[in-house]
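J.: According to our numbering, the sequence shown is numbered sequentially starting from 130.
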Amino acid sequence: MGYLIGVDIGGTNTKIGILNHEGNILKSTHIKTMGDRGSDYVLDNIKGAVLSILNEAKLGIEDVEGLGMGIPGPANTDTGVVEFCVNLKGWDKLNVSKALGEKLGIPVYVGNDVNVITLGEAWRGSAKGYKNILGIAVGTGIGGGMVVNGNLVSGTSGAAGEVGHIKLIKNGKLCGCGQKGCWEAYASATGLIREAKSRLAVNRENLLWESLNGNLESLEAKHVFDAAKNGDAFSKDLVAYEVEYLAFGLSALINTLNPEVVVVGGGVSLAGDILFGPLKEELKKYTLPGSLEKIEIKAASLGNEAGIIGGAALAASKQD
Ligand SMILES: [Zn+2]
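1) Report the rounded CA-to-CA distance for Glu250 versus Val353, giving the unit in angstroms.
2) In or out: Asp361 buried (at least 16 other Cβ within 10 Å) or exposed?
3) Do Ile265 and Phe271 come within 8 Å of each other at the CB atom, strictly closer than that value?
4) Tyr132 and Asn149: beta carbons closer than 8 Å?
5) Of all residues in the structure, which have a C-beta closer than 7 Å to any heavy atom of ligand 1, taken in chain order?
6) Starting from Ser157, trace the beta strand (DSSP E) both ways and give me its first and last residue.
7) Alpha carbon to alpha carbon, what distance is there between Gly320 and Gly307?
8) Alpha carbons only, please: which of Cys311, Pro201, His159 and Arg333 is nearest the one belonging to Tyr374?
9) What residue ranges within the stretch 232-274 form continuous beta strand (DSSP E) runs of no fewer than 3 residues, ordered along the chain?
10) Helix or strand or just coil, what does DSSP make of Ala204?
11) Which partner residues does Asn174 have in the DSSP bridge list?
12) Could you give the DSSP three-state label for Glu185: helix, strand or coil?
13) Count the other CB atoms, across all protein chains shown, that sit within 10 Å of the CB of Asn142; report buried if there are 16 or more and exposed otherwise.
14) Quick check on DSSP: helix, strand or coil for Ile134?
15) Is Ala318 near Lys302, with beta carbons less than 8 Å apart?
16) Decide if the stretch 394-402 is in contact with the stretch 331-347; the criterion is three or more beta carbon pairs, one per stretch, under 8 Å apart.
17) Between Pro388 and the rest of its own chain, which residues show a CB-CB distance below 7 Å, the 5 nearest in sequence each way excluded?
18) So Glu425 is in the beta strand (DSSP E); what residue range does that whole segment cover?
19) Is Ile138 near Ile147, with beta carbons less than 8 Å apart?
20) Expressed to the nearest angstrom, what Euclidean distance is found between the alpha-carbon atoms of His159 and Pro418?
21) Determine the burial state of Asp165: buried for a count of at least 16 other Cβ atoms within 10 Å of its Cβ, exposed for fewer.
22) Return the first residue and the last residue of the alpha helix (DSSP H) that Asn332 is part of.
23) If you follow the alpha helix (DSSP H) that Lys144 is part of, which residue opens it and which one closes it?
24) Distance check for Ile383 and Val211, CA to CA, integer angstroms please.
25) Which of the three DSSP states, helix, strand or coil, is assigned to Glu422?
26) Comparing alpha-carbon positions, which option in Ala204, Thr385, Ile246 and Glu231 lies nearest Thr285?
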């Protein structure tokens, strides 16, 4: 069997790796995406980096079975067309499978980044061995990936899994998508930081404020979790806020999908037990009991390599 290439393209950096069929990374690299220079430039750059690491691994393009790429936006895994992508200029409606496939002469597959990461977690991460999987990434926003009976659900145009825009609150907080009351406006890292800042505006007698050394703009979700772990009551309240809203949105998805496992990734998942412990309890308030009986809630395990491994997992899934 040949090798697989995984590509994780982001607004700033693009990670590329060569993997074998066991999902082990043989060689990887990262390049600046330079998305403002247009799709042709970006894809030529990716081609150059792919050929260069193949060369370092003493392999040729003929040794590669396929390349899979996670895109920060909706992307159709069947057609290879990116629906839209706000971070990359000229990628709206671009057929990346065709454009990059012609440059490299190998099959190229694309998918939404969190969809692809969920496939990676299913292949060799926290969801390995499961067939019904819900993956969520809680960071700047909230993205999702759904695997049902072993198959990724990518939807009619590749936009399935945009779970961050489930409406939780009528006329609620404004979301980055332009609508109001979306889940990610509350429970993403951005939502948590927004809540923390509004509370810090009226209360600065706490460890969280001390930890910022007067620089409110430096506030990240990690500061909140760290202060809470150190016993700060103010930050513990913020963690309770995060847990409550996370459970609120997650319950809608669990009731819909009845997954065996929920894999939580993204920056917020690094909080660990302080988040996952109470989350399982909180879910009981909102989720139908039958759906919770056998469920496991786990942190994602592939870390920074999740996108590369997921890309290769996508390519592998298309080879079968
Ligand atoms: Zn939204």
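Quick reminder that beta carbons are idealized off the backbone N, C-alpha and C, glycines included.
T.: The relevant details are as follows:
1) On the sequence shown, position 121 is the one that residue 250 refers to. On the sequence shown, position 224 is the one that residue 353 refers to. Near 27 Å, if we compare the C-alpha coordinates of Val353 and Glu250.
2) Locating residue 361 in the sequence shown gives position 232, counting from the first residue. Asp361 is buried by the Cβ-count criterion.
3) The sequence position of residue 271 within the sequence shown is 142, counting from 1. The sequence position of residue 265 within the sequence shown is 136, counting from 1. Checking the displayed sequence, the identity of residue 271 turns out to be Ile instead of Phe. Against a cut-off of 8 Å, the Cβ pair of Ile265 and Ile271 comes out as a contact.
4) Position 3 of the sequence shown holds residue 132. Position 20 of the sequence shown holds residue 149. Yes, these two residues count as a Cβ contact at 8 Å.
5) Contact residues of ligand 1 (beta-carbon closer than 7 Å to any heavy atom; chain order) are Gly293, His294, Cys304, Gly305, Cys306, Gln308, Cys311, Glu313 and Ala314.
6) Along the sequence shown, one-based indexing puts residue 157 at 28. Here the beta strand (DSSP E) through Ser157 covers Ile154 to Lys161.
7) Taking the sequence shown and counting its residues from 1, the one referred to as residue 307 is at position 178. Taking the sequence shown and counting its residues from 1, the one referred to as residue 320 is at position 191. So the alpha carbons of these two residues sit roughly 15 Å apart.
8) Position 245 of the sequence shown, counted from the first residue, corresponds to residue 374. The option with the nearest alpha carbon to Tyr374 is Cys311.
9) As summarised for the stretch 232-274, the continuous beta strand (DSSP E) elements at least 3 residues long and confined to that stretch are 237-241 and 262-267, given in chain order.
10) As a working mapping, residue 204 is identified with position 75 in the sequence shown. In the structure shown, Ala204 adopts extended strand secondary structure according to DSSP, grouped into three states.
11) Position 45 of the sequence shown, counted from the start, is the residue given in the question as residue 174. Paired residues: none, contrary to the question.
12) Here the question's residue 185 lines up with position 56 in the sequence shown. Helix at Glu185.
13) Start at 1 with the first residue of the sequence shown, and residue 142 comes out as number 13. By the Cβ neighbour-count rule, Asn142 is exposed, with fewer than 16 other Cβ atoms within 10 Å of its own.
14) What you label residue 134 is simply residue 5 of the sequence shown in a count that begins at 1. Three-state result, Ile134: strand.
15) Position 189 of the sequence shown holds residue 318. Position 173 of the sequence shown holds residue 302. No, they are not a contact pair.
16) As far as the Cβ criterion goes, the stretch 394-402 does not touch the stretch 331-347, which means the pair count is below three.
17) For the purposes of this step, residue 388 is taken as residue 259 along the sequence shown, with counting starting at 1. So the qualifying residues of the chain are Asn261, Ile262, Leu263 and Ile424.
18) The residue you call residue 425 lines up with position 296 of the sequence shown. Residues Glu425 to Ala428.
19) Residue mapping note: residue 138 aligns to position 9 of the sequence shown, counting from 1. Residue mapping note: residue 147 aligns to position 18 of the sequence shown, counting from 1. No, Cβ-Cβ distance for Ile138 and Ile147 is not below 8 Å.
20) Reading the sequence shown from its first residue, position 30 is the one you call residue 159. Reading the sequence shown from its first residue, position 289 is the one you call residue 418. Per the coordinates, the alpha-carbon of His159 lies some 45 Å from the alpha-carbon of Pro418.
21) Counting from 1 along the sequence shown, the entry for residue 165 is found at position 36. Result: exposed.
22) On the sequence shown, residue 332 is found 203 positions in, with the first residue counted as 1. No alpha helix (DSSP H) holds Asn332; DSSP gives it neither H nor E.
23) By 1-based counting over the sequence shown, the position of residue 144 is 15. In the DSSP assignment, Lys144 falls outside any alpha helix (DSSP H) and within the unbroken beta strand (DSSP E) covering Asn142 to Leu148.
24) As a position in the sequence shown, residue 211 is number 82, starting the count at 1. As a position in the sequence shown, residue 383 is number 254, starting the count at 1. Whole-angstrom Cα-Cα distance: 28 Å.
25) Mapped onto the sequence shown, residue 422 falls at position 293. Correct three-state label for Glu422: coil.
26) To locate residue 285, count along the sequence shown from 1; it is residue 156. Ranking Ala204, Thr385, Ile246 and Glu231 by Cα distance to Thr285 puts Ala204 first.
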